[in-house]
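Enquirer: Counting in this note's numbering, the sequence shown runs from 731 upward without gaps. Note that beta-carbon positions come from the ideal geometry of N, C-alpha and C, so glycine has one too.
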Amino acid sequence: MTNVHRDIAAGITVDDVWRCLGPGERSRAALAREVETATAEAVRLATPAAVSTSLGLVGARRGSARFDNDTVLEGRMLPHLLEGAEGAVFLIATAGQGIEARVAELFAAADTLEAFVLDAAGSATAMAVFSDVAARIAGELAAAGQRIGPCLKPGTDAWTIEGQRPIFGVLPAAEIGVRLLDSLLMYPQKTQSGIIPYGRDLRIVDDPDSSPCARCSAARCPMRREDYAGPLVESGSTLKRA
Numbered sequence: 731m732t733n734v735h736r737d738i739a740a741g742i743t744v745d746d747v748w749r750c751l752g753p754g755e756r757s758r759a760a761l762a763r764e765v766e767t768a769t770a771e772a773v774r775l776a777t778p779a780a781v782s783t784s785l786g787l788v789g790a791r792r793g794s795a796r797f798d799n800d801t802v803l804e805g806r807m808l809p810h811l812l813e814g815a816e817g818a819v820f821l822i823a824t825a826g827q828g829i830e831a832r833v834a835e836l837f838a839a840a841d842t843l844e845a846f847v848l849d850a851a852g853s854a855t856a857m858a859v860f861s862d863v864a865a866r867i868a869g870e871l872a873a874a875g876q877r878i879g880p881c882l883k884p885g886t887d888a889w890t891i892e893g894q895r896p897i898f899g900v901l902p903a904a905e906i907g908v909r910l911l912d913s914l915l916m917y918p919q920k921t922q923s924g925i926i927p928y929g930r931d932l933r934i935v936d937d938p939d940s941s942p943c944a945r946c947s948a949a950r951c952p953m954r955r956e957d958y959a960g961p962l963v964e965s966g967s968t969l970k971r972a
């Protein structure tokens, strides 16, 4: 069953925006007003929505995983990350078009700094929307006795950006005003997609004390919990660091 989510918390803080802006301790005082303004404006302009559905895992082999409805995901790490999974929840969540429309207006008016900061606030909002829905889904699965894996997103070591295609093949993204572009980017831009593995015997779980971040090369991800330790490569039947 497909679920459309609209009662979503899109609240962000100035710290969330700073994480998207990147390191800039010396800029904090100079940009404090702009960041505070952008934080409030992003919350006001956001129209959060999400769509999700659960598919059972049929099987996984080297480099791919097959789900119900002949949905196939391809990625060299997916069989490892889905080991013991019973299925996964496919999810697309968006902050809506309002923030990036305002960013475009600011750029057109040559208000470059304000546009740049609001764009970062939009990214923080998209992550907050996705995280809110993902947390609800994880809570429901956990209440049903399932173990929850780390959310897997296209465009990482585990799963290339081509992973967008099967996600959009499964979910009616148009119901929340989202579409996939030929570039495999999403419109609106302030949108995130991914899958949440689950299973009573799932091996790799979403555990703050054992983060999957060491296997992900997204160096500027504001949700990173630990440093990247290099990709895992297969050697025979085992996995080791490159």
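How would you call V847, buried or exposed, if buried means at least 16 neighbouring beta carbons within 10 angstroms?
Expert: Per the 10 Å Cβ criterion, buried.
Enquirer: Could you round the C-beta distance between L803 and G893 to whole angstroms and report it? I think they count as a contact, below 8 Å.
Expert: Contact holds; Cβ gap of about 6 Å.
Enquirer: Among D957, L775 and I867, whose alpha-carbon lies nearest the alpha-carbon of G879?
Expert: Looking at the Cα atoms, I867 is the closest of the given residues.
Enquirer: DSSP state of R806, grouped into three classes?
Expert: Of the three classes helix, strand and coil, the one that applies to R806 here is coil, per DSSP.
Enquirer: Would V833 be called buried (16 or more neighbouring beta carbons within 10 Å of its own) or exposed?
Expert: So V833 counts as buried.
Enquirer: Once the 5 residues before and after T921 are set aside, which same chain residues still bring their CB inside 8 Å of it?
Expert: Excluding sequence neighbours, T921 sits near I822, A823, T824, A825, A856 and V908.
Enquirer: Quick one: what's got a C-beta closer than 6 Å to C881's C-beta in the same chain, skipping five residues either side?
Expert: The answer, listed in chain order, is A864, G924 and I926.
Enquirer: Taking DSSP as the reference, what is the three-state secondary structure of S757?
Expert: Of the three classes helix, strand and coil, the one that applies to S757 here is helix, per DSSP.
Enquirer: Let me confirm a value: T743 is counted as buried when at least 16 other C-beta atoms fall within 10 Å, else exposed. Which label applies?
Expert: Exposed: under 16 other Cβ atoms inside 10 Å.
Enquirer: Return the first residue and the last residue of the beta strand (DSSP E) that Q894 is part of.
Expert: Segment Q894 to V900 is the alpha helix (DSSP H) holding Q894; no beta strand (DSSP E) there.
Enquirer: Under 8 Å by Cβ, that's how I've got V747 and A851 pegged, so tell me the actual separation to the nearest angstrom.
Expert: Contact holds; Cβ gap of about 5 Å.
Enquirer: Inspect the beta-carbon positions of R895 and G929 and report whether they are closer than 8 Å.
Expert: Cβ atoms of R895 and G929: not closer than 8 Å.
Enquirer: Starting from I829, trace the alpha helix (DSSP H) in both directions and tell me its first and last residue.
Expert: Looking at the DSSP string, the run of the alpha helix (DSSP H) that includes I829 is G828 to A838.
Enquirer: If you draw a straight line from the alpha carbon of E755 to that of L761, how long is it in whole angstroms?
Expert: Taking the straight line from one Cα to the other gives about 10 Å.
Enquirer: Between P809 and the rest of its own chain, which residues show a CB-CB distance below 8 Å, the 5 nearest in sequence each way excluded?
Expert: If we look at P809 and ignore the five residues flanking it on each side, its Cβ neighbours are A790, R791, R792, G793, S794 and A795.
Enquirer: Specify the secondary structure class of T824 as computed by DSSP and reduced to three states.
Expert: T824: strand per DSSP, three-state reduction.
Enquirer: So G899 and T783 are in contact, right, with Cβ under 8 Å, and what is the actual spacing, rounded?
Expert: With a Cβ gap of about 11 Å, G899 and T783 do not count as contacting.
Enquirer: Find out if the Cβ-Cβ distance for the pair A858, C750 is shorter than 8 Å.
Expert: For A858 and C750, no; Cβs fall outside 8 Å.
Enquirer: Return the chain-ordered list of same chain residues with a C-beta closer than 7 Å to the C-beta of E766, the five sequence neighbours on each side being excluded.
Expert: Around E766: V744.
Enquirer: With which residues is Q922 paired in a DSSP beta bridge?
Expert: Paired residues: A823.
Enquirer: So which of R933, G828 and T890 has the shortest CA-CA distance to Y917?
Expert: For the residues R933, G828 and T890, the minimum Cα distance to Y917 belongs to G828.
Enquirer: DSSP on L914, reduced to helix/strand/coil?
Expert: Coil at L914, not helix or strand.
Enquirer: Nearest-angstrom Cα distance between I897 and F820?
Expert: The straight-line gap from Cα to Cα measures roughly 7 Å.
Enquirer: Output yes or no for whether 8 Å exceeds the beta carbon distance between A818 and L787.
Expert: In contact: A818 and L787 (Cβ atoms closer than 8 Å).
Enquirer: So who's on the other strand from A782, going by DSSP bridges?
Expert: The sequence given here places Ser at residue 782; Ala does not occur at that position. Note: S782 sits in a beta bridge opposite N733 and L821.
Enquirer: Using the C-alpha atoms, what's the distance from V781 back to A840?
Expert: In a straight line, the C-alpha of A840 is about 35 Å away from that of V781.
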